[in-house]
Amino acid sequence: MFLPVIIYYAVFSYAPMYGIVLAFKKYEIKKGILGSPWIGLKYFERFFSGYNCWNLIKNTLGISLYSFLVGFPLAIIFALLLHYLTIGKLKKVVQMVSYAPYFISTVVICNMLVLFMTPDTGIFNILLTKLGQESVSFLSVPQYFKSIYVWSGVWQSMGWNAIIYLSALKGVDPGLHESAIIDGASKLKRIIYIDLPSINSTIIMLMIMTLGSIMNVGFEKVYLLQNDLNFSASDVISTYTYRVGLQQADFGYSTAIGLFNTMINLVFLIGSNALSRKATGESLW
2 MFLPVIIYYA
12 VFSYAPMYGI
22 VLAFKKYEIK
32 KGILGSPWIG
42 LKYFERFFSG
52 YNCWNLIKNT
62 LGISLYSFLV
72 GFPLAIIFAL
82 LLHYLTIGKL
92 KKVVQMVSYA
102 PYFISTVVIC
112 NMLVLFMTPD
122 TGIFNILLTK
132 LGQESVSFLS
142 VPQYFKSIYV
152 WSGVWQSMGW
162 NAIIYLSALK
172 GVDPGLHESA
182 IIDGASKLKR
192 IIYIDLPSIN
202 STIIMLMIMT
212 LGSIMNVGFE
222 KVYLLQNDLN
232 FSASDVISTY
242 TYRVGLQQAD
252 FGYSTAIGLF
262 NTMINLVFLI
272 GSNALSRKAT
282 GESLW
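If you read the sequence shown in our numbering, its first letter stands for residue 2, the second for the next number, and so on.
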């Protein structure tokens with residue numbers, strides 16, 4: 002039973018790792034990976050000396066940290082609100098409505114955003130004009146790109162991300178709440194002193210895993226919302242890797258950039274795990 006799983010990961014996850022050596026070679030198709038000459042850290046030097054290197058890093062970190070600081074706590078808050086919602090039918094409706102956007106494809110979500118933010122006919126600009134304001138081409142303004150990306154992501158994934166917290170809240174001992182109610186504790190105090198400490202380990206595990214992929218900004222969504230006018234704010238490492246790797250066929254250089262991105266994620270993962278273990282005693286390993 003385990004053999005198909007082992008073969009799958011061996012072929013599609015571990016075997017391709019050998020391709021990392023392309024980051025240190027001048028790849029030539031005729032010579033292949035083994036025959037291509039070594040060039041050391043030349044690609045890394047090229048990336049860090051490039052005119053757009055730090056802008057790519059700034060945009061990638063900016064979007065990722067913004068998403069984390071907004072999306073991570075909102076999923077917990079939403080789960081707590083659902084947990085304390087006592088009207089059964091309303092709770093099911095809210096759950097269904099909040100989960101549904103997660104199953105909409107990224108392409109459809111991006112097309113919806115483009116339609117909603119069209120200067121003349123988009124719903125947001127219709128509302129602005131009704132309020133006496135001028136219409137705005139939101140996707141053409143670089144300053145708005147990060148907020149559009151992050152808050153649309155919150156709308157799409159908040160309900161789905163809350164599921165694991167709801168499951169953890171189901172495991173909280175009801176006796177603790179009964180004792181707190183007898184002592185006159187409000188819902189807010191019960192959340193602070195019972196619920197949050199009870200799901201603390203779940204929160205920490207998910208936080209560590211989220212920080213471990215902090216540099217993995219969703220390529221598809223960024224690429225589909227990207228245009229010449231918002232390019233300065235929307236160009237991230239994943240879109241740059243796509244351009245130089247697939248469009249320009251510079252495989253070694255794109256591999257080097259991807260390796261750098263992965264190493265940053267690894268540093269965040271190890272660092273957040275170590276800090277969590279030292280501060281709370283909870284960690285992945």
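From the three backbone atoms N, C-alpha and C, an ideal C-beta is built for every residue, glycine too.
Inside the stretch 66 to 152, DSSP marks no whole beta strand (DSSP E) run of 3 or more residues. As the crow flies, the alpha-carbon of A163 is around 5 Å from that of A76.
Residue L270 holds the alpha-carbon nearest to the alpha-carbon of L207 among Y15, W152 and L270. When only Cα atoms are considered, K43 and I124 end up about 49 Å apart.
Contact annotation: V237 and L57 have beta-carbon atoms nearer than 9 Å.
Straight across, the Cα-Cα distance linking K27 with S37 is about 6 Å.
With a cut-off of 8 Å on Cβ pairs, the stretch 173 to 188 is not in contact with the stretch 17 to 36, counting fewer than three such pairs. Ranked by how close their Cα comes to the Cα of E135, the residues N126, D196, P143 and G63 have N126 in first place. Bounds of any alpha helix (DSSP H) do not take in V237, whose DSSP letter is neither H nor E. Here A181 is not near I200, since their CB atoms are 9 Å or more apart.
When DSSP states are grouped into helix, strand and coil, K43 belongs to the helix group.
Remark: C-beta atoms of L83 and Q96 approach each other more closely than 9 Å.
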